[in-house]
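Asks: Just passing along the structure, written as structure tokens.
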Amino acid sequence: MISSLPKIDVHVHCGPYNVTLIRDTDFDGLTERIMPPANIEIACISHTESVFHEMAGGNAKLAEALEHYSQLRGYIYVDPHRVEQSIAEIERYADHPQFVGIKSRNEYHGVPFNGPEYRRILDTAEKHGLAMLHHTFGVDVARQMAAVMPDYEINFIIAHSGGGAFRAVAELFADIPNAFMDLCSSIIERGKARAVADLVGVDRMVFGSDMNLISPFWTIGMFEEGGFSEDELRRMYWDNASRILRLN
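The sequence shown begins at 1041 in this note's numbering and counts up one residue at a time.
Here it is, written out as structure tokens:
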């Protein structure tokens, strides 16, 4: 199968969460039991504790784990309600060779992405050459992001690509060259990957699985049924993420 191609997974979680659907998903579970069957060689990960409980504590747990798993890369979670602490977290981990970006979800915090809080955080991330993965469900959040992204030399991973609104969101980002579409979602329909590729191009698509919440094979299936060539799949599975996250 073409799905034996090696993959960089740009959207991975580890840690406690009440809707985790896959068992054995501590760091050993991810690296030993979930990643190998899907040929995921690098996983870019955030810690659920930093998202849902304590930002700095979760980031610290992730940093400690990265020291033991060469196949993992990390996202520094940032919170727009704690701008100064978020900036301090970026400064703390930006030079760590396995941290590749920042992550947030503005809807969790009730703060608009185009507000001053996120802009201050983005200023710091840009200074350090970090990418950003931001959860993007629906058109409203995408519009807020589209108002900000052209101002920054930051590669933005559009996590979930709008969910059920993926066509409208892909159209919104079609002319924003630093927007890269991550398709993972529990919402799926035939032709999704091809529809997004037709709008933004395969060089602006990356593979993200949302594991440990969703099996990576769920998203692999979106790509495999899209009628892509092996070269196109290789770019989406590996080359694009390697480039925008500066993994070389």
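C-beta: ideal position from N, C-alpha, C; glycine also.
As the structure is a computational prediction, the values presented were derived from the model and not from experiment.
Answer yes if the region 1236–1248 comes into contact with the region 1160–1168, meaning at least three C-beta pairs across the two stretches below 8 Å, and no otherwise.
Replies: The region 1160–1168 vs the region 1236–1248: no contact.
Asks: Which full runs of the alpha helix (DSSP H) of 4+ residues lie inside the region 1062–1096, going along the chain?
Replies: Taking only runs of at least 4 residues, the alpha helix (DSSP H) segments lying wholly in the region 1062–1096 are 1088–1092.
Asks: Buried or exposed for E1193, please, with buried defined as at least 16 other CB atoms from any protein chain shown within 10 angstroms of its CB.
Replies: Counted from its first residue, the sequence shown places residue 1193 at position 153. Its Cβ having fewer than 16 others within 10 Å, E1193 is exposed.
Asks: Does the region 1157–1166 touch the region 1132–1144, meaning 3 or more C-beta pairs lie closer than 8 Å?
Replies: In short, these stretches touch, since the Cβ pair count reaches three.
Asks: Quick one: what's got a C-beta closer than 8 Å to E1211's C-beta in the same chain, skipping five residues either side?
Replies: Here the question's residue 1211 lines up with position 171 in the sequence shown. Cβ within range, chain order: L1239.
Asks: Which residue spans inside the region 1110–1137 form an unbroken alpha helix (DSSP H) run of at least 4?
Replies: The region 1110–1137 contains these whole alpha helix (DSSP H) runs: 1123–1133.
Asks: Let me confirm a value: E1270 is counted as buried when at least 16 other C-beta atoms fall within 10 Å, else exposed. Which label applies?
Replies: Residue mapping note: residue 1270 aligns to position 230 of the sequence shown, counting from 1. By the neighbour-count rule (16 or more Cβ atoms within 10 Å), E1270 is not buried but exposed.
Asks: Taking 8 Å as the cut-off, does the region 1173–1187 touch the region 1121–1132 (at least 3 CB pairs, one atom from each stretch)?
Replies: Verdict: no, contact absent.
Asks: Identify which residue in G1266, W1258, Q1111 has its Cα closest to the Cα of V1140.
Replies: As a working mapping, residue 1140 is identified with position 100 in the sequence shown. Cα-wise, what sits closest to V1140 is Q1111.
Asks: Between which residues of its own chain and C1224 is the CB-CB distance below 7 Å, once the five residues before and five after are set aside?
Replies: One-based indexing of the sequence shown puts residue 1224 at position 184. Contacts found: H1051, H1200, G1248, S1249, D1250, I1254, T1259.
Asks: State the DSSP-derived secondary structure class of V1240, mapped to helix, strand or coil.
Replies: Here the question's residue 1240 lines up with position 200 in the sequence shown. Residue state, collapsed to three classes: helix.
Asks: Please tell me whether, using a cut-off of 7 Å, the distance from the CB of A1214 to the nearest non-hydrogen atom of the ligand FMN is below it.
Replies: Among the components modelled here there is no ligand, and therefore nothing to report on the ligand FMN.
Asks: Run through DSSP, which three-state label would S1324 get?
Replies: The chain is shown from 1041 up to 1288; residue 1324 falls before or after that span and cannot be answered.
Asks: Given I1080, which residues of its chain have a CB within under 7 Å of its CB, disregarding the five upstream and five downstream residues?
Replies: Start at 1 with the first residue of the sequence shown, and residue 1080 comes out as number 40. Excluding sequence neighbours, I1080 sits near K1047, D1049, P1256.
Asks: Following the continuous beta strand (DSSP E) through A1187, name the residue where it begins and the one where it ends.
Replies: As a first step, residue 1187 must be located in the sequence shown, where it is residue number 147. Premise fails: A1187 is in no beta strand (DSSP E) and is neither H nor E.
Asks: Distance, Cα to Cα, E1137 vs G1267?
Replies: Locating residue 1137 in the sequence shown gives position 97, where the first residue counts as 1. Locating residue 1267 in the sequence shown gives position 227, where the first residue counts as 1. Glu is not the amino acid found at residue 1137; the sequence shown has Pro there. Taking the straight line from one Cα to the other gives about 36 Å.
Asks: Compare the C-alpha of V1188 against each of I1216, M1262, A1208 and name the closest.
Replies: To locate residue 1188, count along the sequence shown from 1; it is residue 148. The shortest C-alpha separation from V1188 is found at I1216.
Asks: Tell me which same chain residues have a C-beta within less than 8 Å of the C-beta of I1198, skipping the five on either side of it?
Replies: For the purposes of this step, residue 1198 is taken as residue 158 along the sequence shown, with counting starting at 1. Excluding sequence neighbours, I1198 sits near H1174, T1176, A1182, M1185, V1209, F1213, A1219, F1220, M1221, D1222.
Asks: Which residue comes first and which comes last in the beta strand (DSSP E) that contains V1050?
Replies: Numbered from its first residue, the sequence shown carries residue 1050 at position 10. Taken as a continuous stretch (DSSP letters only), the beta strand (DSSP E) holding V1050 covers 1047–1054.
Asks: Check for me: the beta strand (DSSP E) holding V1294 runs from which residue to which?
Replies: No answer is possible for residue 1294: it lies beyond the span of the chain, which begins at 1041 and ends at 1288.
Asks: One question on the structure: do H1087 and L1102 come within less than 8 Å of each other, judged by their Cβ atoms?
Replies: As a working mapping, residue 1087 is identified with position 47 in the sequence shown. As a working mapping, residue 1102 is identified with position 62 in the sequence shown. In contact: H1087 and L1102 (Cβ atoms closer than 8 Å).
Asks: Can you tell me whether S1090 is buried or exposed? The criterion is at least 16 other CB atoms within 10 Å of its CB, across all chains shown.
Replies: As a working mapping, residue 1090 is identified with position 50 in the sequence shown. S1090 is buried by the Cβ-count criterion.
Asks: Assuming C1084 and L1273 are in contact, meaning their beta carbons sit under 8 Å apart, how far apart are those beta carbons, in whole angstroms?
Replies: Your numbering for residue 1084 matches position 44 in the sequence shown. Your numbering for residue 1273 matches position 233 in the sequence shown. No, C1084 and L1273 are not in contact; Cβ-Cβ is about 19 Å, not under 8 Å.
Asks: Measuring CB to CB, does F1206 end up less than 8 Å from M1172?
Replies: If you number the sequence shown from 1, residue 1206 lands on position 166. If you number the sequence shown from 1, residue 1172 lands on position 132. Their beta carbons are not under 8 Å apart, which means F1206 does not touch M1172 by this criterion.
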